[in-house]
Amino acid sequence: MHHTSLIAILVAGFVLAFIFGMIAQRLRLSPLVGYLIAGVIAGPFTPGFVGDQTLAPQLAEIGVILLMFGVGLHFSLGDLLEVKAIALPGAVLQIAVATALGWGMAYYLGWSHGAGLVFGLALSVASTVVLLRALEERRLVETAKGRIAVGWLIVEDLAMVLALVLLPALAGLLKGEAGDASQIWSQLFVTLAKVGAFIAFMLIVGRRVIPWILERVAGTGSRELFTLCVLAIALGVAFGSATLFGVSFALGAFFAGMMLNESEFSHQAANETLPLREAFAVLFFVSVGMLFDPQILIQEPLEVLAVFAIIVIGKSVAAYALVRAFGKPSSTALMISASLAQIGEFSFILAGLGMDLEILPKEGHDLILAGALLSIVVNPLLFAWLDRKNAREAAALQEANSDPAIPPVPADIDNHVILIGYGRVGSELARLLGEQKVPMVVIDGEESLIAKARAAGLPAILGNAVDPRVLREAVPERATTAMLAIPQALEAGEIIAKLREINPALSIVARAHSDNEVKHLIEHGADGAVMAERELAHSLAEMVLAAPVYRGERHLPPSTALA
């Protein structure tokens, strides 16, 4: 008889996740709750089918790899360096606070100091999958808030990689046994050298080789080979980084995606991996549920509540205070707090290693799993509360439009331009149109940019233009043109499709960075897409041809890609 444990866990995981995910959706809960319950049912602590306990976490790890790879595709090295001033000290201090809280609880329970350290570290690090799922659902990954959250998470992951490598060397010391100081310092040096070597290798070699490989494969014209190449890069770099440099799969995949971001095919690569990322992310939540023993909720309810409070309240308060201390607004601090109010995959790995080394008691392992499950269940509710709060604040700002100092959207506005995005490109475009007395309405999701638009005397709407309610406020049915100045082509495609539904006669022009993005925007209904690099080349060429020796003899074709 053939072994079918892999098939069984895939079938059971997807079927149960679908059933309970649908039930959760009908009850107006996050589908994540359904996925976790599906895992509990497939686990060894409930009657009926029991999934393979070794295969499920490995399948879930593939989901983490693909998810982090996708984030890297939208997160350039510049974005990471941009938030280092807050992400690095903020994450380190937040880890210290959470570890101290866990250590204090362990001391109260009578555990050793070593057990308290491992327990506290496990409670300090947030789940990659949970955080990114929440950010992607709200299209926050590429915003300033999202970059801070992802950068914070990368620092946490690096700290946990260091902890996992050092824990075996420190095991004797943490158990109260005499240790060799030189061995500890040697292990620390080797670990830091490996992480540094990996980062240097990716920046020097990977940054050139990975985009080059993808561009050669894209040149074949085979979509099948392109998809296979993307998966090979994501999984291959993740596995190679863990094997050769000792860093985590997730961190290796993130850097692979970030290096691939240098290629003009990055958005296509993200689209090709999306279905697999979604499918394997579901298996991650199922695998978490399989590890959970529900009896601990009955046997040790107070301890479970204490762990839950450290994760959801202690970490959140610490993160909020730290973000505010760095001068960020309350909305950013609340989003970061909600993002970190849960624990996940690194917590399980660290707890399992601590138990294998006989540092952490089994009770600690069970409490960490219980805290993870409860925090993952509650985290979507925190984001839902935050969404409602942001919606109320946005509504209040819209009501403030009655203030004469803030220009409202005129009720009789007609034949106007809807300008989506008021960053560097959008604000300059608004200035040029304003000089020609063209009526316009601005839409942007950043409060500071909306304030800037209103200060310039423009009617401006705060919100994400993907939301049809936000679009309706700009009266697109009476507009003549919509101009999308946002850099995110995928989000722009969704907005274009919604605008086209509301007003089929609307002229829509969008911004693009590559030929693939131009194609994507045109396919979603744009009348035209302008690629900045091509426009620059066209302008420079016109300057050359304006010289007397060429004037009147040569002409350039139109540079704007129009459907």
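Add 15 to the 1-based position in the sequence shown for this note's numbering, that's all there is to it.
Beta carbons: idealized from backbone N, C-alpha and C, even for Gly.
A quick note: this is a predicted structure, and the numbers were derived from the prediction, not measured.
Quiz item: According to the Cβ coordinates, are A71 and M370 closer than 8 Å?
Solution: no
Quiz item: Quick one, are the C-beta atoms of F280 and A233 less than 8 Å apart?
Solution: yes
Quiz item: Do you know how far the Cα of L31 is from the Cα of L182?
Solution: 36 Å
Exercise. Would you kindly work out how many angstroms separate the C-alpha atoms of S417 and L155, rounded to a whole number?
Key: Unreliable positioning characterises S417 in this predicted model, as indicated by a pLDDT of 48, which lies under 50. The coordinate reading is nonetheless provided below. Roughly 29 Å separates the two Cα atoms.
Quiz prompt | Simplified DSSP state of G379, which is helix, strand or coil | solution = helix
Quiz prompt | Burial state of D381 (16 or more Cβ within 10 Å) | solution = buried
Quiz prompt | Closest residue to A353 among V26, K160 and A137 (Cα-Cα distance) | solution = K160
Quiz prompt | Beta-carbon proximity of L514 to A497, cut-off 8 Å | solution = yes
Practice problem: Pull up the distance between the alpha-carbon of A512 and that of L397, whole angstroms please. | Solution: 30 Å
Quiz prompt | P491 versus P62: straight-line alpha-carbon distance, rounded | solution = 56 Å
Quiz prompt | Of the listed residues F363, E443, G540 and G329, nearest to G117 (C-alpha basis) | solution = G329
Quiz item: With a Cβ-Cβ cutoff of 8 Å, do G359 and A321 count as a contact?
Solution: no
Exercise. Quick one: give me the first and last residue of the alpha helix (DSSP H) that I325 is part of.
Key: Premise fails: I325 is in no alpha helix (DSSP H) and is neither H nor E.
Quiz prompt | Contact set for L375: own chain, Cβ-Cβ below 7 Å, skip 5 residues either direction | solution = A130, V133, F134, A366 and G369
Practice problem: Keeping to the same chain, check which residues put their C-beta closer than 7 Å to that of P483; ignore five residues upstream and five downstream. | Solution: K513
Exercise. Helix, strand or coil for D308, going by three-state DSSP, please let me know.
Key: coil
Quiz item: Helix or strand or just coil, what does DSSP make of M288?
Solution: The displayed chain sequence assigns Thr, not Met, to residue 288. Note: T288 maps to helix in three-state DSSP.
Quiz item: Got a sec? Which residues, its chain only, sit under 7 Å from Q357 by beta carbon, not counting five neighbours each side?
Solution: A141, S142, V145, I326, S390, I391 and N394
Self-check item: Cutoff 8 Å; reference N430; Cβ partners in own chain excluding five residues on either side
Solution: P454, R493, A494 and T495
Practice problem: Please list, in chain order, all residues of the same chain as V297 whose beta carbon is under 6 Å from its beta carbon, the five residues on each side excluded. | Solution: A32 and Y50
Quiz item: Using the rule of at least 16 other Cβ atoms within 10 Å of the residue's Cβ for burial, across every protein chain shown, is I313 buried or exposed?
Solution: exposed
Exercise. Note down the Cα distance separating P290 from E151, rounded to an integer number of angstroms.
Key: 14 Å
Self-check item: I80 beta carbon less than 8 Å from that of A294
Solution: no
Quiz prompt | Rounded straight-line distance, which links the Cα of K452 to that of A285 | solution = 40 Å
Quiz item: For L44, which three-state DSSP category applies?
Solution: coil
Practice problem: Could you name the residues that DSSP lists as bridge partners for R526? | Solution: V545
Quiz prompt | Separation of W200 from V440, as counted between CA atoms | solution = 51 Å
Quiz item: Straight-line CA distance for A149 to S197?
Solution: 44 Å
Quiz item: Going by the beta-carbon positions, is the gap between G78 and A27 smaller than 8 Å?
Solution: no
Quiz item: Do you know offhand how far F254's Cα is from F264's?
Solution: 6 Å
Practice problem: Starting from V457, follow the beta strand (DSSP E) in both directions and report where the run begins and ends. | Solution: M455 to D459
Quiz item: Expressed to the nearest angstrom, what Euclidean distance is found between the alpha-carbon atoms of I364 and H535?
Solution: 40 Å
Practice problem: With DSSP collapsed to three states, give me the class of V432. | Solution: strand
Self-check item: Top-ranked residue by Cα proximity to E373, from L188, S345 and V303
Solution: L188
Exercise. Return the Cβ separation of A163 and I351 in integer angstroms, given the expectation that the two are a contact with Cβ distance under 8 Å.
Key: A quick correction: the sequence has Ile, not Ala, at residue 163. 6 Å between Cβ atoms; contact.
Self-check item: Whole-angstrom C-beta distance between F307 and A385, which should lie under 8 Å
Solution: 7 Å
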